[in-house]
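A short write-up of the structure that comes next.
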Amino acid sequence: MTTLTINVANLDDVKASMRAGFRGEPQGCAYTFQTASDLLSTLTANRWAILKALTGAGPLGVRELARRVGRDVKGVHTDAQLMVGCGLIDKTADGKLHLPYDEVRLELVARAQAA
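Last residue of the sequence shown: 115 in full-length UniProt numbering, with the numbers rising by one and none dropped.
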């Protein structure tokens, strides 16, 4: 099973992960946002529904995707284009949308602020 983890990390954490990957340590597949605000503004409830519908489904056309998420084609197309543009989902040569993962995990952590 292939899993995509969507998370928030600062640049130093991303660099450390890359260095570990270069040393041969498995890192898994991740899509990282710099801030929780970026993640939450990009991954709205409607876009999360698109990700869920694409997970493990293989390539889908916009009309079929809209049917599966219960939305209008134009709205799904707009949201999908944004996610293609930022690299969160793929677009095949024939224009279908694809998320090549069997599972998507969302990691969003809140920590106590230092006093």
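Here a beta-carbon is modelled for each residue, glycine too, at the ideal position from N, C-alpha and C.
In the DSSP assignment, A30 falls within the beta strand (DSSP E) that extends over C29 to F33. Taking 8 Å as the cut-off, the beta carbon of E103 is found closer than this to the beta carbon of T55. When D72, V8 and T3 are compared, the shortest CA-CA separation from T42 is found for V8. Distance from the Cα of G75 is smallest, within the candidate group A57, A49 and I6, for A49.
For L99, the closest C-alpha among the options A20, R23 and A30 is that of A30.
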